[in-house]
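Take 16 as the starting number for the sequence shown in the numbering used here and just add one per residue.
For every residue, glycine included, the Cβ atom is placed at its ideal position computed from N, Cα and C.
The next block holds one structure in the form of structure tokens; read it before the comments.
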Amino acid sequence: MNNQSVGKSLPRIDAHDKVIGKALYSGDLVKDGMLHMKILFAERPHARVISVRTEKAEAAPGVVAVYTSKDVPVNEYGLQIPDQPVLCGPSKKAYADIVRFVGDQIAVVVARTEVEADAAVKLIQVDYEDLPILTDPKAALRPDAPILHPDRGDTNVCVHYKIRKGNMDEAFAKADVIVEGQYETPVQEHAYLQPEAGLAYMDDEGHITIEAGGQWTHADRETIAHSLGLPDEMVRVIYPAIGGAFGGREDMSVQIVLALAAWKLQRPVKIVWSRRESMIGHGKRHAASIKSKWGATKDGKLIAAECELIGDGGAYMYTSNKVLGNAAITSTGPYFIPNVKVDVYGVYTNNVPGAAFRGFGAPQALFMAESNMNKLAEMLGMDPVEFRLKNALRDGDAMGVGTPAPGPVSIVQCIEAARDKFGWKKSKAKKAVGKKSSALVRGRGFAAGFKNVGFSFGYQENCWAKVEIHGNGKMEHAIVHHAGADVGQGMHTVMVQMAAHVLELPMDKVEIRTSDSATQGNPGSASASRLTFMAGNSVKGAAEAALAKWNNEERPAIAEFKYLAPRTTPFNKETGYSSPNFSYAYVAQAAEVEVDTETGHVRVLRLTSADDVGKAINPDLVVGQIEGAVVQAHGYALMEDYKTKDGRVLTDQLSTYLIPTILDIPEKVDSVLVEVPDPNGPWGARGLGELPFLPVAPAIAAAIHDATGVWISEFPFTPERVLRALGKI
Numbered sequence: 016m017n018n019q020s021v022g023k024s025l026p027r028i029d030a031h032d033k034v035i036g037k038a039l040y041s042g043d044l045v046k047d048g049m050l051h052m053k054i055l056f057a058e059r060p061h062a063r064v065i066s067v068r069t070e071k072a073e074a075a076p077g078v079v080a081v082y083t084s085k086d087v088p089v090n091e092y093g094l095q096i097p098d099q100p101v102l103c104g105p106s107k108k109a110y111a112d113i114v115r116f117v118g119d120q121i122a123v124v125v126a127r128t129e130v131e132a133d134a135a136v137k138l139i140q141v142d143y144e145d146l147p148i149l150t151d152p153k154a155a156l157r158p159d160a161p162i163l164h165p166d167r168g169d170t171n172v173c174v175h176y177k178i179r180k181g182n183m184d185e186a187f188a189k190a191d192v193i194v195e196g197q198y199e200t201p202v203q204e205h206a207y208l209q210p211e212a213g214l215a216y217m218d219d220e221g222h223i224t225i226e227a228g229g230q231w232t233h234a235d236r237e238t239i240a241h242s243l244g245l246p247d248e249m250v251r252v253i254y255p256a257i258g259g260a261f262g263g264r265e266d267m268s269v270q271i272v273l274a275l276a277a278w279k280l281q282r283p284v285k286i287v288w289s290r291r292e293s294m295i296g297h298g299k300r301h302a303a304s305i306k307s308k309w310g311a312t313k314d315g316k317l318i319a320a321e322c323e324l325i326g327d328g329g330a331y332m333y334t335s336n337k338v339l340g341n342a343a344i345t346s347t348g349p350y351f352i353p354n355v356k357v358d359v360y361g362v363y364t365n366n367v368p369g370a371a372f373r374g375f376g377a378p379q380a381l382f383m384a385e386s387n388m389n390k391l392a393e394m395l396g397m398d399p400v401e402f403r404l405k406n407a408l409r410d411g412d413a414m415g416v417g418t419p420a421p422g423p424v425s426i427v428q429c430i431e432a433a434r435d436k437f438g439w440k441k442s443k444a445k446k447a448v449g450k451k452s453s454a455l456v457r458g459r460g461f462a463a464g465f466k467n468v469g470f471s472f473g474y475q476e477n478c479w480a481k482v483e484i485h486g487n488g489k490m491e492h493a494i495v496h497h498a499g500a501d502v503g504q505g506m507h508t509v510m511v512q513m514a515a516h517v518l519e520l521p522m523d524k525v526e527i528r529t530s531d532s533a534t535q536g537n538p539g540s541a542s543a544s545r546l547t548f549m550a551g552n553s554v555k556g557a558a559e560a561a562l563a564k565w566n567n568e569e570r571p572a573i574a575e576f577k578y579l580a581p582r583t584t585p586f587n588k589e590t591g592y593s594s595p596n597f598s599y600a601y602v603a604q605a606a607e608v609e610v611d612t613e614t615g616h617v618r619v620l621r622l623t624s625a626d627d628v629g630k631a632i633n634p635d636l637v638v639g640q641i642e643g644a645v646v647q648a649h650g651y652a653l654m655e656d657y658k659t660k661d662g663r664v665l666t667d668q669l670s671t672y673l674i675p676t677i678l679d680i681p682e683k684v685d686s687v688l689v690e691v692p693d694p695n696g697p698w699g700a701r702g703l704g705e706l707p708f709l710p711v712a713p714a715i716a717a718a719i720h721d722a723t724g725v726w727i728s729e730f731p732f733t734p735e736r737v738l739r740a741l742g743k744i
């Protein structure tokens, strides 16, 4: 019997339970004796907390406890550095009394019911001393700007990366065409279906147990334990079903205060955020301001790329150091450019923190890079696809950081696949026909990109798995243990497929036990397009080791395996020289749009996305990832207009922050699966989750230009912005 599973579009193992409502998400969890929590948010962007008076709340009906900064043992946390208070207010921790954005948490109320908790939290009285507000990253760079984190130095710059390669003056002197531009990319809200929620309780072994959606069980455990002043093993993190993440669940939201309350009360405590609380309380995609200058020779060879990118880090570090490091790497696009100068800055402001979001700095940098590529092609009179092919990275070419990308480099294959599937050479976009045909114009655009797979800059990537094989005489069933998060992408299905493939078992004979920090080793995060690559190698290794034991008559056969990825190196501080990643994945896209020049409305008629996945473990899931990423990036490019004023979020509901509906998304998305195996990937697989997001905005920008003749260097491309570019308002 052929039980080969890898490469087949097999059904998701969680599909049935999710469809019938049996799968439990964080907000569905219930325990006997459960209490309910509500959080008091600061609702102001910058202030010192003078006092927090809780007497009225404590006396309110149903209230069991109220906690403030004085109740947090170690009042700090942060995924990269501990620069954020758990609860803002008077505290032993220096500067923990400072509120730095509207979503900072001040106090929590625990009551018998959610209604009672909600009523009581409104009774807490807080005295503030308002402080100067910094919302513009460029203003935050000025010498006279107030310092938002004085304990971390005398500047608001939280990160600065440099790349220096070649001689810029000589290169620009030799350039026949030069394009200079200023680009602005916006904030984006994750808008996952399931808002932040969780349940915390004491388990039978006395662990503080937190069940809440996240992306890295063991990092969550470490952060919670640190804030409570406890050893890691006292804290247990379990992931129920997770309703989307996209990077937005990497940082803490409700977990620490839930754990604090359950620990102190020795009772279960639950919280569910409202959509508004979600939208002000967690990080967003970094807004970026990018100044650039690129040069090429008349025969179409890129010779120089210079850029300065300023990213709005918001109130706290979160993952700005990593996001902006990736922006630096991708700022030259997937092209060979012999002379490069890049400066990337992350800046503290009083805005909602910049956080991990699908694409992780690359969408911002690539909007600049790909727009420059399209402008240079036009100046040279070259087809934008041919211009890209002429300059695309090949195996052995040095990237901006001075070292070759780990091969095989497959951007050429992706460009050619997108070109051919779209029919780029056959015809230009057809003129629109209809009642308003004189106002409707069509255009097409092309863009490409690349992104790292896995963690970067010297971190030793690793991932743990355990596989058990059971049976009397013959192999009957297997169990996979892995803590990697399935945030909706189908990862648990893929892990079962890979184990079943190694063991030559039907998928229904393989069980998976997942996402429990107490019983499973460290999986790393469901981020950085890493989990198929890393978990795949760990599951494959554990399954092969268990199979070897089984064949040696060891019953049951149980094996653990920890996969270590090839090593990487950090940026040289002055030149950026490094080997920052062990693998990259590549993408190219073509888009056709229709622009109504009377209303400014842009409609994406079709978009072709060619993505090198190395090996599609489950092709249907790959297509789902491509289509989902394209739709999410379509919202980023055209609709999602995040508005703030003086640090306060104006678009704090999905009624004002508009995301695409079924009537807004591209009419047709063609997914092309390019499969150039990665020599280190499981069965050759690369990462995919972020890849199809990357070039959507610049492809649409190029198509709008093709249709209208205008370049728009800031998005979302709302009707108002399009009409302004056309000179009609």
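Beta-carbon separation of residue i and residue j under 7 Å?
i	j	result
Ile484	Ala493	yes
Val45	Asp112	no
Val125	Met52	yes
Tyr40	Gln209	yes
Ile295	Leu324	no
Pro634	Ser24	yes
Pro421	Phe597	yes
Leu55	Ala132	no
Cys429	Asp627	yes
Leu562	Met506	no
Ala462	Ala714	yes
Gly369	Gly310	no
Gly650	Pro734	no
Leu706	Lys466	yes
Val202	Lys285	no
Pro692	Lys630	yes
Could you check the C-alpha separation between residue i and residue j for me, to the nearest Å?
i	j	result
Leu339	Ala154	19 Å
Gly178	Phe375	According to the sequence shown, residue 178 is Ile rather than Gly. Between Ile178 and Phe375, the C-alpha separation is close to 19 Å.
Ala134	Gln535	40 Å
Ile641	Arg27	17 Å
Val638	Lys337	28 Å
Leu636	Ser686	12 Å
Val770	Tyr363	Shown here, the chain extends from 16 to 744; a query on residue 770 therefore has no answer.
Arg621	Lys316	30 Å
Ala72	Ser84	16 Å
Asn537	Gly702	19 Å
Shorter than 7 Å from the beta carbon of residue i to some beta carbon of chain B?
i	result
Asn406	Annotation note: the requested chain B is absent from the structure, which comprises a single protein chain.
Skipping 5 residues on each side, what residues in its chain have a beta carbon closer than 6 Å to that of residue i?
i	result
Gly473	Thr583, Thr584, Pro585
Asp142	Ile65, Ser66
Ile242	The displayed chain sequence assigns Ser, not Ile, to residue 242. Hits under 6 Å: Val89, Tyr92, Val101, Ile271.
Ala560	Ala574, Phe576
Pro697	Gly551, Asn552, Lys555
Give the secondary structure of residue i by DSSP, where H, G and I count as helix, E and B as strand, and everything else as coil.
i	result
Thr347	coil
Thr547	helix
Ala371	coil
Pro419	strand
Glu144	strand
Val637	helix
Ala155	helix
Val172	strand
Tyr92	strand
Thr659	strand
Which same chain residues end up closer than 7 Å to residue i when comparing Cβ atoms and leaving out the 5 residues on each side of it in sequence?
i	result
Lys564	Ala572, Ala574
In chain order, what residues of the same chain have a beta carbon less than 8 Å from the beta carbon of residue i, not counting five sequence neighbours either side?
i	result
Ala541	Gln230, Trp231, Ala260, Gly499, Ala500, Asp501, Val502, Gln504, Met506
Notebook entry, point to check: Contact between the stretch 230-249 and the stretch 198-213: three or more CB pairs below 8 Å?
Noted result: no
Check: Do the stretch 219-234 and the stretch 265-273 meet, that is, are 3 or more Cβ pairs less than 8 Å apart?
Finding: yes
Margin query: Across the stretch 647-665 and the stretch 98-117, are there enough close Cβ pairs to call them in contact, namely three or more that are closer than 8 Å?
Written below: Remark: three or more beta-carbon pairs, one from each stretch, lie closer than 8 Å, so the stretch 647-665 and the stretch 98-117 are flagged as touching.
Check: Do the stretch 709-722 and the stretch 598-613 touch if we need at least three Cβ pairs shorter than 8 Å?
Finding: yes
Checklist line | Sufficient close CB pairs (3 or more, under 8 Å) joining the stretch 736-744 to the stretch 712-728 | finding: yes
Notebook entry, point to check: Is the stretch 327-335 in contact with the stretch 70-82, if contact means three or more CB pairs nearer than 8 Å?
Noted result: no
Check: Looking at C-beta atoms only, is the number of pairs between the stretch 311-326 and the stretch 286-295 that lie closer than 8 Å three or more?
Finding: no
Next item on the list: Could you tell me whether the stretch 403-413 touches the stretch 350-358, where touching means 3 or more Cβ pairs closer than 8 Å?
Entry: yes
Checklist line | the stretch 210-225 / the stretch 272-279 touching (three or more Cβ pairs under 8 Å) | finding: yes
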